[in-house]
Amino acid sequence: MKASKICKAGLLWISCMTVLSQPGYAEDSIFSKSEQAQKQWVGKSAPAFKLQDQNGQWHSLNQHKGKWVVLYFYPKDNSPGCTQEANQFKALYPQFIKNNAVVLGVSLDDVKSHQKFSEKLALPFPILADHNHQLADQFGIVRNLGIIKIAKRESFLVDPKGTIVYHYNSINTQSHAAQVLADIQKFSK
264 MKASKICKAG
274 LLWISCMTVL
284 SQPGYAEDSI
294 FSKSEQAQKQ
304 WVGKSAPAFK
314 LQDQNGQWHS
324 LNQHKGKWVV
334 LYFYPKDNSP
344 GCTQEANQFK
354 ALYPQFIKNN
364 AVVLGVSLDD
374 VKSHQKFSEK
384 LALPFPILAD
394 HNHQLADQFG
404 IVRNLGIIKI
414 AKRESFLVDP
424 KGTIVYHYNS
434 INTQSHAAQV
444 LADIQKFSK
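Mind the numbering: the sequence shown is residues 264 to 452 in the numbering used here, read in order.
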């Protein structure tokens with residue numbers, strides 16, 4: 264029985280690391296499927312949701328009306344790419360606030376996992392626990408790895424009226440936060 268659990272854990276680790284270690288591409292890269300993704304989401308209302316953050320507080324899209332909302336989905340707490348991406352949003356967080364924006368990280372991990380991840384990185388923004396993939400399913404970004412499911416690394420920029428203005432589906436974890444901030448500044452003019 265114990266060997267079975269160890270084997271499953273090993274397979275899970277290998278599956279996750281294979282997916283999570285693949286490089287992301289810059290949003291403006293020739294490898295991006297951005298144009299198709301834009302047609303699918305841009306101009307549509309962002310789906311409603313009610314999810315808990317790392318502190319057990321509930322968040323909904325409606326409570327952030329009047330602000331830019333960055334919904335950035337990531338595969339797994341504490342993985343290398345997800346840690347790097349969270350740290351990039353953390354570094355630029357004061358700039359997001361100055362530009363009337365709310366940053367909401369989202370993954371399929373539970374509240375307890377998010378709490379540890381947030382404390383470890385001292386994240387100043389909420390990370391939402393979508394462990395039943397309520398929101399990720401609405402966006403169609405759940406990836407099935409066999410024994411587990413994760414969210415694909417994609418982000419959605421929602422304007423102050425609740426409309427999706429940009430969908431990022433090819434993400435470079437080192438530059439994504441800066442790209443989203445630049446887009447908010449561009450759309451705000």
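Backbone N, C-alpha and C define an ideal beta-carbon position, used for all residues, glycine too.
Cβ neighbour criterion (16 or more within 10 Å) applied to residue i
| i | result |
| --- | --- |
| residue 410 | exposed |
| residue 382 | exposed |
| residue 319 | exposed |
| residue 343 | exposed |
| residue 368 | buried |
First and last residue of the uninterrupted beta strand (DSSP E) at residue i
| i | result |
| --- | --- |
| residue 369 | 364 to 370 |
| residue 391 | 390 to 392 |
| residue 412 | 412 to 414 |
| residue 374 | Note, residue 374: premise wrong, no beta strand (DSSP E); alpha helix (DSSP H) at 374 to 384. |
| residue 453 | No answer is possible for residue 453: the residues shown for the chain start at 264 and end at 452. |
Boundaries of the alpha helix (DSSP H) in which residue i is found, first to last residue
| i | result |
| --- | --- |
| residue 399 | 397 to 402 |
| residue 354 | 343 to 361 |
Cβ pair residue i, residue j closer than 8 Å
| i | j | result |
| --- | --- | --- |
| residue 305 | residue 429 | yes |
| residue 362 | residue 442 | no |
| residue 453 | residue 312 | This structure cannot speak to residue 453, because the chain is shown only from 264 to 452. |
| residue 426 | residue 308 | yes |
Cβ shell of residue i (< 6 Å), same chain only, five flanking positions each side left out
| i | result |
| --- | --- |
| residue 440 | 351, 352, 355 |
| residue 289 | Reliability fails at residue 289, whose pLDDT of 38 lies under 50, so the model's placement of it is uncertain and the value that follows must be treated cautiously. Cβ neighbours of residue 289 beyond the five flanking positions: 435. |
Those residues which DSSP pairs with residue i across a bridge
| i | result |
| --- | --- |
| residue 541 | The structure shown does not extend to residue 541, since the chain is modelled only from 264 through 452, so no value can be given for it. |
| residue 420 | 333, 429 |
Own chain residues within Cβ distance below 7 Å of residue i, not counting five before or after
| i | result |
| --- | --- |
| residue 446 | 420, 429 |
Close beta carbons around residue i, own chain, < 8 Å, minus the five adjacent residues each side
| i | result |
| --- | --- |
| residue 330 | 363, 364, 365, 423 |
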